[in-house]
Structures are given as C-alpha cells and as structure tokens.
C-alpha cells in the first residue's frame, strides 16, 4: 500500500489523461484510504477533444470511414486520379491521406482472408459457415450387408 501520490511518479495522472481506466483503477487501489479521499486529479481539457472534428471540417476530410465502397467514393477516386496526372505521385499520396479510399469494393463481414482460412480447424470452419454436418440415416441392417461384403472379399482372397 502506498502512502503518497508521489510514490506513483505521476502514473495516476497519466492513466487518467490517456483514459486508461484499468491502470487508473489499479493505481488508485494501491493508495491508502486516506490518500484516496484527498487525491486531486488533473483532467484534460474538453477543448482539445472538440478541436479535432473542427479541424477535420475545415480541411474537408472525413474523420472515420467505412471499409466498403460507396457512391461518394467514386468522385474521391476520380480526384485522386486527377491529382496523379496533374502533380504526380506526391500529389496523389497527399490526396489519399486527406481523403482515404475504400478498403474493399464489397463489404462481406463473413469473408475471411485465405491465410487465416488455411489455418482454421474443421470445427471452426464448420462453425464459421454455420452449417451442421449432414445427418446420416442409420439403417441397422446395412451393417450386416457390409459384413457380408467383407466376408465375400476375404473368401475371394
């Protein structure tokens, strides 16, 4: 158990600043009850979190995007093509960083890569495909037929 906050060397404030809640709870639990009652934490300013979306709006870029291709992406791809012809690879790279292109043409959430699929066991593949093994109707008399066939093969040899 720690008696002073300085024994944590600022880790408590860093965990709070970077929103690492598990580390914050751990460091807080290490402190004695007296220190926990009188602790003062430095919260990060809310103005910093609002500045990022405003900057993105000023630059005309998207903050997040889907993986799949949309109709709006066709104009983005055309702009990148024009940037390539007008300014070369550096201009196209800048355009790509400001307005990223779609990762996939069609978004299929059930599709997995070939390198991952090659390493899956049969149970996982069956579970992934959501298909159960086919049910086989068992006929008890078929066992006698198989035994007779095996007996016939043994007699022929």
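Residue numbers (the working numbering): 1 to 157. Each residue gets a CB set at the ideal place from its N, CA and C atoms; glycine is no exception. This one's a predicted model, so the numbers in the text were calculated from it and none came from an experiment.
Delimiting residues of the alpha helix (DSSP H) encompassing residue i
i: residue 71; result: 71 to 98
i: residue 141; result: 140 to 156
i: residue 124; result: 122 to 128
i: residue 24; result: 21 to 30
i: residue 172; result: Here the chain covers residues 1 to 157 and nothing more, so residue 172 does not appear.
i: residue 158; result: With the chain running from 1 to 157 in the structure shown, residue 158 is simply not present.
i: residue 66; result: Note, residue 66: premise wrong, no alpha helix (DSSP H); not H, not E.
i: residue 115; result: 114 to 117
Whole-angstrom C-beta distance between residue j and residue i, which should lie under 8 Å
i: residue 104; j: residue 67; result: 5 Å
i: residue 98; j: residue 61; result: 5 Å
Residue i, buried or exposed, once every other Cβ within 10 Å from all chains shown has been counted against 16
i: residue 141; result: exposed
i: residue 13; result: buried
i: residue 80; result: buried
i: residue 127; result: exposed
For residue j and residue i, the rounded distance between their alpha carbons
i: residue 146; j: residue 122; result: 28 Å
i: residue 101; j: residue 76; result: 7 Å
i: residue 54; j: residue 124; result: 45 Å
i: residue 9; j: residue 70; result: 49 Å
i: residue 149; j: residue 156; result: 11 Å
i: residue 21; j: residue 7; result: 19 Å
i: residue 11; j: residue 31; result: 12 Å
i: residue 129; j: residue 111; result: 10 Å
i: residue 17; j: residue 25; result: 13 Å
i: residue 74; j: residue 120; result: 36 Å
i: residue 58; j: residue 85; result: 26 Å
i: residue 56; j: residue 87; result: 23 Å
i: residue 181; j: residue 118; result: Outside the displayed range of the chain (1 to 157) lies residue 181, so it cannot be described from this structure.
i: residue 143; j: residue 65; result: 60 Å
Proximity below 8 Å, CB of residue i to CB of residue j
i: residue 95; j: residue 114; result: no
i: residue 29; j: residue 23; result: no
heavy atom of the ligand ADP below 7 Å from residue i C-beta
i: residue 74; result: Among the components of this structure there are no ligands whatsoever, and the ligand ADP is therefore not found.
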